[in-house]
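Structure, as structure tokens:
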Amino acid sequence: IATRMPTEEMLPIIDKMDKVGYHAVECWGGATFDASLRFLKEDPWERLRKLRDGFKNTKLQMLFRGQNILGYSHYSDDVVEYFVQKSLANGIDIIRIFDCLNDLRNLETAVKAANKEGGHAQIALSYTLGDAYTLDYWKETAKRIEDMGANSLCIKDMAGLLTPQAAKLLISSIRREFPDLPIHVHTHDTAGTGVMSMVECAKAGADAVDVAIDSMSGMTSQPSMGAVVAALKNTELDTGISLESVSTLNDYWNDVRGVYAPFESGQKSGSSDVYLHQMPGGQYTNLMYQSQQLGLASHWPLVKKAYKEANELCGDIIKVTPSSKIVGDLANFMVQNKLSKQDVLDRAEELNFPTSVIQYFQGYLGIPEPWGFPEPFRTRVLKGRKLENGKDHFEGRPGAELPPFDFEKTKKDLTEKYGEDRAQDHDVLSYALYPKVFTDWKEYEDKNGDISHLPTRYFLQPMKFDEEIEVKYNEGKSQFIRYKGMSEVNKRGEREVHFQIDGQSRTIVIEDQKAGVSVEKREKVQSGNDNQVGSPMTGAVVEVKAVSGTKVKAGDPICILSAAKMETIVSAPFSGILKRVVVKKGERLEAGDL
């Protein structure tokens, strides 16, 4: 829900939120940027400016993935610096900066840029469990963070693994070591201990904790705001926030939540097995959905078990976007192909691993703290795979090895394509992060105009016959639209849609994208036929890399598949001549299709 909610749904309650007394409101960054463009078809920068206009007394905070910014791969230093500059210029006060592997080299550029621009650089220490992550490790890393120029330290417990006892020990130890460094704690309530853990953090010396409004809290979300406020009432740690104001917000968000029933995960309770698989709260429901998209809906318990094993294969790493995506992609890959942990170890040199897994071992995200990559598994995964520089992995900080981004040329190209008013500096940054998503959004905008004013319900689902809605498209201006039905599909795959605007009849011809779609039975790989290459997953063909009748070497890419943000390169299992290639771009395959 957090990433599917349009800005228009947020604006009516901002005035009341602004008077509550929050330390800050996290309202931007993370997954919301990509989702705004990809799903909601709205400009995330415009959202930020609207929120800034509304929150006159409250600091705005964003989540920043270090050298990844808001994406899944590293960007060059100049893009990081410019993004920080524009985020602060458009209204952000606090930038929470983290690295998914606690490789602090990947934070330096963003932290320096935030300090230079006068922003508040909150550096996050991503928390997890495992033999490597001792109390000494956390204290030593916190010291390195303080030395980097942090204005505050965040303990980012993205999976909700910080039990009350661990919270008390960790926060009190860091507070003793760093008496003047503000400490902010972030957790998820997956196991149901979140409220108690946050109260213990407060008692141990934390200055701020993250909560969610009651109707949006619990389970994989943050702990309940009302519960934390009530638990500290009439104590020396009283927040000063009234439960009446919490109740007012709760009523609003409770009504809003009802609109998002299509995006509810189906999860009905907390789950203490998070201490076993360590899946981040922000990933849990997304991975559940991704598994459904891959045809694994009935295998969720197996996916959770495989997630634990995939984490071990990757080296028992810190798991938060995008490292958590790598572990999740590998887990789905294992379940889909019925592979055990031992199978993956034994067959590492021959398997078509998801692209994210290969890039992780190539060092695209940096080096996992504190033990580095697992060997010899890493070497076996990378056998025969080379970077453009001829090496099989990055040896230094990945961001430092990337060429500068050509902002000037990109702005010129976008201006020629979309016009000067739609190729502003912030548009160039959106393109730099997500070129294809940005282009798709602009094409959608060209075809449909600005759809941000549509009521949420009718953005998500169609109107019923003779139903009328009001659309407010400008300050004080609105139109009433009544749906009057549609024709059958014509030979060109089009329909006539009939409606009224303010009582005046209108008709428009639209293309029915589902018209004429035929279900074709695809050829399957024959059991025992080593000369055939099958799809390792259910997904769509993004690109066909090989041509029938051509020679290929073992490991050469044949095609690229994608499903629910998981990309996989299908490679030639051995050298030879491709007799036939039976897929084309855009086709959807099931696992095992030829």
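Count along the sequence shown starting at 1, add 268, and that's the number in my numbering.
For each residue, glycine too, the CB sits at the ideal point set by N, CA and C.
- Between Gly634 and Asp371, the CB-CB gap stays under 7 Å.
- Counting only runs of at least 4 residues, the stretch 437-522 fully encloses the following alpha helix (DSSP H) elements, listed from N- to C-terminal order: 462-472, 493-499.
- Secondary structure at Ala292: strand, using DSSP grouped into helix, strand and coil.
- In this structure, Glu385 is the residue among Gly486, Gly844, Glu385, Met330 with its C-alpha nearest to the C-alpha of Tyr350.
- Distance from the CA of Gly298 to the CA of Lys501, rounded to the nearest whole angstrom, comes to 32 Å.
- Taken through DSSP and simplified to helix, strand or coil, Gly596 comes out as helix.
- Nearest Cα to Lys740 within the set Ile749, Phe733, Asp734, Lys732: Ile749.
- Taken in chain order, the whole beta strand (DSSP E) runs of length 3 or more contained in the stretch 681-751 are 736-742.
- The Cβ-Cβ distance between Glu643 and Lys609 does not fall below 7 Å.
- Excluding the 5 residues flanking it on each side, Lys732 has same chain C-beta neighbours closer than 8 Å at Tyr751, in chain order.
- The Cβ-Cβ distance between Gly494 and Val514 falls below 7 Å.
- By the CB criterion at 7 Å, Ala859 and Gln604 fall inside the cutoff.
- Of the candidates Arg725, Ala831, Asn579, the residue whose Cα lies closest to the Cα of Glu277 is Arg725.
- Ser344 and Arg665 have their C-alpha atoms spaced approximately 11 Å apart.
- Ranking Arg373, Gln794, Leu331, Glu504 by CA distance to the CA of Lys424 puts Leu331 first.
- For Ala392, the CB contacts under 7 Å within the same chain, skipping 5 residues up- and downstream, are Arg364, Ile365, Phe366, Cys422, Lys424 in chain order.
- Taking the CA atoms as reference points, Ser394 sits about 30 Å from Ile282.
- Within the stretch 631-657, the complete alpha helix (DSSP H) segments at least 4 residues long are 645-649, listed from N- to C-terminus.
- In this structure, Ser440 sits away from Ala470, with a CB-CB distance that is not shorter than 7 Å.
- Of the residues assessed, Tyr628 falls on the buried side of the cut-off, its CB having 16 or more other CB atoms within 10 angstroms.
- DSSP, reduced to helix, strand and coil, places Val801 outside both helices and strands of the structure shown, so it counts as coil.
- Secondary structure note for Glu762: its beta strand (DSSP E) is the uninterrupted segment 762-769.
- If you compare the alpha carbons of Asp482, His661, Ala459, Val850 with that of Val801, the shortest gap goes to Val850.
- Residue range 825-831 is occupied by the beta strand (DSSP E) that includes Pro825.
- DSSP places His388 within a strand segment (E or B) once states are collapsed to three.
- In the DSSP assignment, the residues bridged to Leu393 are Ile423.
- In the DSSP secondary-structure assignment, Thr836 is bridged to Pro622, Leu829.
- Contact annotation: the stretch 316-333 does not touch the stretch 644-656, with fewer than three C-beta pairs closer than 8 Å.
- For Ala357, the enclosing alpha helix (DSSP H) starts and ends at 345-357.
- When the alpha-carbon of Val649 is set against those of Gly667, Asp614, Trp639, the nearest one is in Asp614.
- Nearest C-alpha to Asp321 among Ala410, Gln768, Lys284, Gly359: Gly359.
- Ser592 and Val757 have their alpha carbons spaced roughly 44 Å apart.
- Annotation: Arg315 is outside any beta strand (DSSP E); the continuous alpha helix (DSSP H) that includes it extends over 312-322.
- Residue state for Gln781 is assigned as coil, using DSSP reduced to three classes.
- Of the other Cβ atoms in all chains shown, 16 or more fall within 10 Å of the Cβ of Asn554; this residue is therefore buried.
- Per DSSP, Glu532 has no beta bridge partner at all.
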